[in-house]
Amino acid sequence: MSKKEKEKSAKELLENSYKNIYERDENGRTVLHYAVDAKTVRILVEKGADVNAADVRGYTALHLAVGEKRLETVRELIKSGADVNAEEYGNKCIPLHLACMVGEKEIVEELVKAGAEIEQADKFGMTAMDYSKEITEVLKKEIDRIEKLFMRG
Numbered sequence: 002m003s004k005k006e007k008e009k010s011a012k013e014l015l016e017n018s019y020k021n022i023y024e025r026d027e028n029g030r031t032v033l034h035y036a037v038d039a040k041t042v043r044i045l046v047e048k049g050a051d052v053n054a055a056d057v058r059g060y061t062a063l064h065l066a067v068g069e070k071r072l073e074t075v076r077e078l079i080k081s082g083a084d085v086n087a088e089e090y091g092n093k094c095i096p097l098h099l100a101c102m103v104g105e106k107e108i109v110e111e112l113v114k115a116g117a118e119i120e121q122a123d124k125f126g127m128t129a130m131d132y133s134k135e136i137t138e139v140l141k142k143e144i145d146r147i148e149k150l151f152m153r154g
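120 is the number that my numbering gives to position 119 of the sequence shown; each next residue is one higher, with no gaps.
Have a look at this one:
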């Protein structure tokens with residue numbers, strides 16, 4: 002099957018699988034929450050999917066794409082109007098917090114370029130910078146440990 006045939010098949014599957022693009026599962030997620038690539042996001046948004054639909058925990062498709070480190074999907078969601086400052090309900094994390102937690106520099110850059118609030122704090126008073134510092138501290142400790150191992154011989 003050629004790439005074009007696969008794309009057509011995937012598009013037909015999407016069009017026929019969901020009678021209602023706004024349908025939600027038991028977690029409050031729409032089909033857009035499960036989109037795994039930029040092309041699927043584009044198709045769903047063109048069909049009317051709500052790019053900012055939140056699940057029962059407040060996660061949007063953008064939160065999930067960031068957490069799963071899917072750069073191209075993140076870019077497409079942003080291009081489609083995703084709210085880069087949407088807070089999930091529990092810890093009030095925005096996608097930028099998650100990007101810093103998972104250490105994805107390119108995703109951080111995309112979110113900041115799209116207007117993510119770098120000083121926005123979550124429920125614990127932590128900003129994106131705070132999460133970045135925590136990751137840096139962990140990595141510094143690991144580097145120190147490795148250097149000590151090399152010094153021992």
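We put the CB at the ideal spot given by N, CA and C, even for glycine.
Keep in mind the model is a prediction, meaning the values are calculated, not measured.
Check	Outcome
Can you grab the Cα-Cα spacing for the pair residue 68 / residue 45, in whole Å?	20 Å
If you draw a straight line from the C-alpha of residue 83 to the C-alpha of residue 52, how long is it?	6 Å
Got a sec, what are the start and stop residues for the alpha helix (DSSP H) residue 82 sits in?	Residue 82 -> no alpha helix (DSSP H), and no H or E assigned at all.
Give a yes or no on whether the C-beta atoms belonging to residue 59 and residue 88 are separated by under 9 Å.	yes
Within the same chain, show all residues whose beta-carbon is closer than 8 Å to that of residue 111, passing over the 5 residues directly before and after it, in chain order.	72, 75, 76 and 79
For residue 109, count the other beta carbons within 10 Å of its own beta carbon; 16 or more makes it buried, fewer makes it exposed. Which is it?	buried
Nearest to residue 103 by CA position, among 123, 137 and 93, is which residue?	137
Nearest-angstrom Cα distance between residue 96 and residue 24?	24 Å
Along the chain, where does the alpha helix (DSSP H) containing residue 1 start, and where does it finish?	The question about residue 1 has no answer here: the residues shown for the chain are numbered 2 through 154.
Below 9 Å between beta carbons: does that hold for residue 98 and residue 62?	no
Residue range of the alpha helix (DSSP H) that residue 68 falls in?	62 to 68
For a quick check, are the C-beta atoms of residue 134 and residue 92 less than 9 Å apart?	no
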